[in-house]
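K.L.:
Protein chains in written order, with our numbering: chain H, 3 to 404; chain U, 263 to 491. Ideal placement from N, C-alpha and C gives every residue a C-beta, glycine not left out. Input: one structure, supplied below.
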Amino acid sequence: MNLALRDLRHNLGRFLLTCVGLGLLLGVALAMVGIYGGVVEEALSLARNMRADLWVVEGGSRGPFAEASRIPGDVREAVARLPGVREAGSLTFQTVEARHGGGPGGVVPDEDQVRERAGEAGRQRSGTVLRLQVVGYEPDRPGGPPGILEGRGITRGRLEMVADRSAGLPLGAVVEMANLRYRVVGISTRAVSTGGDPLAWITLRDSQDLQFRLSPPAARRAQQGGGGAPPQDTVNAVIARLSPHADATAVAAEIRRWKHFSALTGAEQENVLTRSVVDKARKQIGLFTTVLLLVSAVIVALIIYTLTMDKMREIATLKLIGAPDRTIVALVMQQALLLGAVSFVSGTSLLLAVKDHFPRRVVLGVEEVSGFGVLVFVICLLASLLGVRYALRIEPAQALGG
Amino acid sequence: MSALVELCGISKGFGAGEARVQALADITLSVDAGEVVGLRGPSGSGKSTLLNLVACILEPDAGTLRLAGETVWDGRWSRADLRALRREKIGFIFQFHNLLPFLDATDNVALAMTLNHVPLDEARRRARALLDHLQVGKRASAMPAKLSGGEAQRVAIARALANNPRIILADEPTAALDSERAQVVMDLLRQVAREQQAAVIVVTHDDKIFSRFDRLVELRDGRVEAGGA
């Protein structure tokens, strides 16, 4: 006769309500674990999507993600000529707040019309503001979208864009950046920046043009004052893919001997991304997760303690009629574990159902979920000790009406 | 008749120094098999302490306690041994029945048997037979909250009898019942004492049932004032 189950069945409504509450808390804690995984995956996705064996950046920097990097565009040719390098491509990265007028063929209002109608404030409000990480690349060279879900890749044509699905842009949508309108010709997937912004690919030439249009007013003033135009053919990094038998470390060492350039292998770039770019976010999320798990442990302990206190007379009666301690301990512990199990299942199910609607990616694999399950089991086991201690201290005499 | 409960020179006090209260002093009392003994006295006279001592919940400061031929508290008894003794040899009946609210009448009775290692199916079969015998068989599947006071007390008596105990301790078993039901409960206790040759000790304030005891022991200030022989 399982007393724990019978007691819970007797108070099923209260038990389920408690499980829902605790399940929500565990769901939030698991979401933090998933967001933690998402931050790491997003941080690495940009670099991994490039499938680069080497990153050539400005000398003394760890760019292009951790630090600023600007190098001449013709470096790509020098890199491509190195022994062991199969192909190389130039890339630019810039974060842009673009405006999107709606669905396919959506019209973004003309700049002059908008200004005339509502001034500068109207310009800010017109269309949907969309934050994008724009990648400029050379079609047919490394650095393009990892895969096209819908539509096609960028050809040599100007003002075309491939956007990540998470941007929510439909095929054929028009996006305005720095007064230029780009048409979405392809949709890619699973490509976001280290900050979680969706990626958008345009041609290198378009991106260099965009970079110039978006350059700070000070640079423009210097140019107008006769300071000379800044070189337009600059890129943020050159990536290289190596032949199967080439040693990335040796090729990187070769590039480092050049003046003004640094080279990072793919592994080094990933290390920079996880250790430097998202390190604080990782630590913060880790801290929140720890705090949430501690709060969960305290709540489970209090629930079990209260459930045990409610059964004080029943436990005293059980002791008086000769129930051994193991029967009492089993009653308390089984209820704690059932509470944890039902809450874990409800919290996890809820999270898995809604995780795709989170603003940031939630990455939960079997390993994370099962690991969290084990953690909840341990928490419930430890938390139940408080209830067990209380139950074992109940005197059988308490059943005799004082 | 042989004595199933024997207290010889039992004393018990609580606290220390000036705050010490002597709850029982030099109590000598015996209850034979088949005998139904009432225990009465004003509040603070030591009735509950005496019941707790016989129930092996409290250890006496002095004196000897023998239950069903075994000397208890002689240094050989662990807490688990005392629980086993209670499980096998003592049945308890409470003022407010103390049935487990999450078990139906049958399982409340069967539980006491399963604690004594009777298989569940067998325990349930015997529990139903016992409930039939106590005329609450029709309520075998009812939860305690659905039972009337008299029905609940009968189920509690069935639980107390589940393991055929030699000693039955009842704490105010009729306090929550009207006089008619109180008489029925007393009839049942007398019947059990006679059929099972059990020693029954009933703590009570209920003067309506005083006449139903074989002997009425009166306690005052921790001492037996009458009926202890």
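#1: Output the boundary residues of the beta strand (DSSP E) element that contains K274 of chain U.
#2: Identify, in the order they occur along the chain, each residue of the same chain with its Cβ nearer than 7 Å to the Cβ of V436 of chain H, setting aside the five sequence neighbours on each side.
#3: For a test of the three-state rule: what should DSSP assign to M375 of chain U, helix, strand or coil?
#4: Quick check: the Cα distance between V378 of chain H and G296 of chain U, rounded to an integer number of angstroms?
#5: Alpha carbon to alpha carbon, how far is N426 of chain U from V267 of chain U? Give it in angstroms, no decimals.
#6: Check this for me: beta carbons of L24 of chain H and I287 of chain H, under 8 Å apart or not?
#7: Give me the residue from H:I305, H:T196 and H:T191 with the minimum Cα distance to L383 of chain H.
#8: For a contact defined as C-beta to C-beta under 7 Å, what are the partners of A265 of chain U on chain H?
#9: Buried or exposed: where does P200 of chain H fall if 16 or more other Cβ atoms within 10 Å of its Cβ makes it buried?
#10: Report, in whole angstroms, the separation of the C-beta atoms of W403 of chain U and D366 of chain U, which I expect to be a contact under 8 Å.
#11: Just curious, the beta strand (DSSP E) that R443 of chain U is in, first and last residue?
#12: What does the Cβ neighbour count give for A123 of chain H, buried or exposed, with the cut at 16 atoms within 10 Å?
#13: Whole angstroms is fine: what's the gap from V479 of chain U's alpha carbon to L296 of chain H's?
#14: Do the CB positions of A248 of chain H and G373 of chain H come within less than 8 Å of each other?
#15: Going along chain U, which residues have a C-beta under 9 Å from A332 of chain H?
#16: Which of the residues in the segment 304-331 of chain U, read from start to end, lie with their CB under 8 Å from any CB of chain H?
#17: Return the residues of the segment 409-434 of chain U that lie within a Cβ-Cβ distance of less than 8 Å from chain H, sorted by chain order.
#18: I'd like to know whether the C-beta of G389 of chain H is nearer than 8 Å to at least one C-beta of chain A.
#19: Looking only at C-alpha atoms, which of H:D327, H:E89, H:A393 and H:R143 sits nearest to R315 of chain H?
#20: Can you tell me where the beta strand (DSSP E) holding G15 of chain H begins and where it ends?
#21: In the segment 48-65 of chain H, which residues sit with their C-beta less than 7 Å from some C-beta in chain U, listed in chain order?
#22: For the beta strand (DSSP E) containing S292 of chain U, name the first residue and the last one.
#23: Examine chain H for any beta-carbon lying closer than 8 Å to the beta-carbon of F276 of chain U, and answer yes or no.
#24: Looking at V136 of chain H: is its Cβ nearer than 8 Å to the Cβ of A202 of chain H?
#25: Quick one: is N273 of chain H buried, meaning 16 or more other Cβ sit within 10 Å of its Cβ, or exposed?
#26: Report yes if the C-beta distance between L151 of chain H and E256 of chain H is below 8 Å; otherwise report no.
#27: I think G145 of chain H touches L212 of chain H, with their Cβ atoms under 8 Å apart; what is that distance to the nearest whole Å?
#28: Kindly indicate which residue of U:D440, U:A438, U:F276 and U:D476 has the alpha-carbon position closest to the one of L451 of chain U.
#29: Tell me where the beta strand (DSSP E) around G138 of chain H begins and ends.
#30: Quick check: is the beta carbon of A295 of chain U nearer than 8 Å to any beta carbon in chain H?
#31: Assuming S351 of chain H is part of the alpha helix (DSSP H), what are its boundary residues?
#32: Below 8 Å between beta carbons: does that hold for T368 of chain U and L393 of chain U?
#33: Closer than 9 Å by beta-carbon distance: list the chain U residues that pair up with R8 of chain H, in chain order.
#34: For G277 of chain U, I'd like the list of residues in its chain whose CB is within less than 8 Å of its CB, leaving aside the five on either flank, ordered along the chain.
#35: Taking the alpha helix (DSSP H) that D281 of chain H belongs to, which residues open and close that run?
#36: At the level of alpha carbons, what is the spacing between G422 of chain H and V35 of chain H?
P.N.:
The structure says:
#1: A265 to F276
#2: Outside the displayed range of chain H (3 to 404) lies residue 436 of chain H, so it cannot be described from this structure.
#3: helix
#4: 55 Å
#5: 16 Å
#6: no
#7: H:I305
#8: Here the premise fails: no neighbours, minimum Cβ distance about 23 Å.
#9: buried
#10: Rather than Trp, the amino acid found at residue 403 of chain U in this sequence is Ser. Indeed, because the Cβ distance is near 5 Å, the residues count as touching under 8 Å.
#11: Not the beta strand (DSSP E): R443 of chain U falls in the alpha helix (DSSP H), residues S441 to Q458.
#12: Unreliable positioning characterises A123 of chain H in this predicted model, as indicated by a pLDDT of 42, which lies under 50. A coordinate reading is not provided.
#13: 57 Å
#14: no
#15: The contacting residues do not exist; A332 of chain H stays about 12 Å from chain U at best.
#16: S310, L313, N314, A317, I319 and L320
#17: R421, D433 and E434
#18: Although the question refers to chain A, the structure presented lacks it and instead comprises the protein chains H and U.
#19: H:A393
#20: Unbroken run through G15 of chain H is the alpha helix (DSSP H), L14 to N51; no beta strand (DSSP E).
#21: none
#22: V283 to D294
#23: no
#24: yes
#25: exposed
#26: no
#27: No, G145 of chain H and L212 of chain H are not in contact; Cβ-Cβ is about 16 Å, not under 8 Å.
#28: U:D476
#29: T130 to Y139
#30: no
#31: D327 to V356
#32: yes
#33: L362, F364, L365 and D369
#34: V283
#35: D281 to D312
#36: Residue 422 of chain H lies beyond the stretch modelled for chain H, which goes from 3 to 404, so this question has no answer here.
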